[in-house]
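Residue numbers (the numbering used here), protein chains in the order written: chain R, 7 to 116; chain B, 288 to 399. Down below is the structure, laid out as structure tokens.
Shown next as structure tokens:
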């Protein structure tokens with residue numbers, strides 16, 4: 007079964023607002039990834055984190071790999087309508103296949 | 288590089304029929320993965336290949352499911368005697384070793 011907890015499950019925000027979502031696990035993982043999925047498409051990789059404590063940015067997106075290796079957050083600054091979608095965290099240890107959370111569904115109100 | 292390609296995009300089948308999906312990964316990627324995704328859930332791992340070798344299969348992969356990657360390039364996923372519970376999006380992804388996966392657009396299966 008799923009080992010990851012993502013929160014919130016869904017969020018509605020005004021265009022221009024900042025967004026924060028997180029992902030926690032009861033187990034330690036060495037790789038944390040954030041994906042975005044739009045309707046009818048496969049997930050697209052946004053940010054990959056490989057080192058505990060690492061803070062990485064990709065444009066308006068910033069993600070951090072928690073020091074305990076059991077959590078990560080994703081922030082989106084100044085949201086725009088095209089940020090709409092479902093955001094998944096995914097984890098791995100070594101060569102194990104990625105395990106995905108249930109996602110955070112983001113809606114942006116213009 | 289055309290990304291990961293999946294065919295068909297949509298498949299409607301009657302219960303009890305067999306279906307086969309195809310995935311063409313990014314050419315230089317040696318790992319290929321199959322995931323299943325149902326509404327409101329994240330992708331769930333089914334199986335993966337490194338080159339032509341199938342290295343791991345999930346408990347979700349019942350005996351009715353079989354996957355092949357005969358020459359280490361494209362892969363097929365076959366479901367025999369489909370059931371309504373098989374209705375889902377079937378996602379294929381590829382990667383170079385343990386890097387982040389690149390997903391295809393998926394095959395949406397509806398069993399009626």
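C-beta: ideal position from N, C-alpha, C; glycine also.
Under a Cβ-count criterion, where at least 16 other Cβ atoms within 10 Å of its own Cβ denotes burial, should residue i be classed as buried or exposed?
| i | result |
| --- | --- |
| residue 115 (chain R) | exposed |
| residue 291 (chain B) | buried |
| residue 7 (chain R) | Because residue 7 (chain R) carries a pLDDT of 45, less than 50, the predicted location of this residue cannot be relied on, and the following value inherits that uncertainty. Its Cβ having fewer than 16 others within 10 Å, residue 7 (chain R) is exposed. |
| residue 296 (chain B) | exposed |
| residue 18 (chain R) | exposed |
| residue 26 (chain R) | exposed |
| residue 398 (chain B) | buried |
| residue 14 (chain R) | exposed |
| residue 103 (chain R) | buried |
| residue 346 (chain B) | exposed |
| residue 97 (chain R) | buried |
| residue 327 (chain B) | exposed |
| residue 100 (chain R) | exposed |
| residue 299 (chain B) | exposed |
| residue 55 (chain R) | buried |
| residue 64 (chain R) | exposed |
| residue 88 (chain R) | exposed |
| residue 42 (chain R) | buried |
| residue 391 (chain B) | buried |
Let me check understanding here. Comparing Cα to Cα, which of the options lies closest to residue i?
| i | options | result |
| --- | --- | --- |
| residue 305 (chain B) | B:366, B:327 and B:378 | B:366 |
| residue 338 (chain B) | B:325, B:348 and B:313 | B:313 |
| residue 37 (chain R) | R:65, R:23, R:69 and R:47 | R:69 |
| residue 363 (chain B) | B:390, B:389 and B:321 | B:321 |
| residue 75 (chain R) | R:59, R:85 and R:84 | R:59 |
| residue 53 (chain R) | B:389, B:307, B:302 and B:358 | B:389 |
Could you pull the start and end residues of the beta strand (DSSP E) that residue i belongs to?
| i | result |
| --- | --- |
| residue 84 (chain R) | Note, residue 84 (chain R): premise wrong, no beta strand (DSSP E); not H, not E. |
| residue 377 (chain B) | 375-382 |
| residue 69 (chain R) | 67-71 |
| residue 454 (chain B) | Residue 454 (chain B) is absent from the model: chain B starts at 288 and stops at 399. |
| residue 12 (chain R) | 10-13 |
| residue 394 (chain B) | 394-398 |
| residue 42 (chain R) | 37-43 |
| residue 18 (chain R) | 16-20 |
| residue 335 (chain B) | 331-337 |
| residue 341 (chain B) | 340-344 |
| residue 58 (chain R) | Residue 58 (chain R) -> no beta strand (DSSP E), and no H or E assigned at all. |
With which residues is residue i paired in a DSSP beta bridge?
| i | result |
| --- | --- |
| residue 294 (chain B) | B:309 |
| residue 91 (chain R) | R:112 |
| residue 406 (chain B) | Here chain B comprises residues numbered 288 to 399, so residue 406 (chain B) is not present and cannot be evaluated. |
| residue 64 (chain R) | R:67 |
| residue 366 (chain B) | B:306 and B:352 |
| residue 79 (chain R) | R:28 and R:70 |
| residue 360 (chain B) | Its beta-bridge partners do not exist; DSSP assigns none. |
| residue 389 (chain B) | B:381 |
Between residue i and residue j, which are expected to be in contact by the criterion C-beta below 8 Å, what is the C-beta distance as a whole number of angstroms?
| i | j | result |
| --- | --- | --- |
| residue 318 (chain B) | residue 374 (chain B) | Incorrect: roughly 27 Å between the Cβ atoms, too far for contact. |
| residue 106 (chain R) | residue 94 (chain R) | 5 Å |
| residue 293 (chain B) | residue 309 (chain B) | 7 Å |
| residue 66 (chain R) | residue 92 (chain R) | The pair is not a contact, with the Cβ atoms about 18 Å apart (cut-off 8 Å). |
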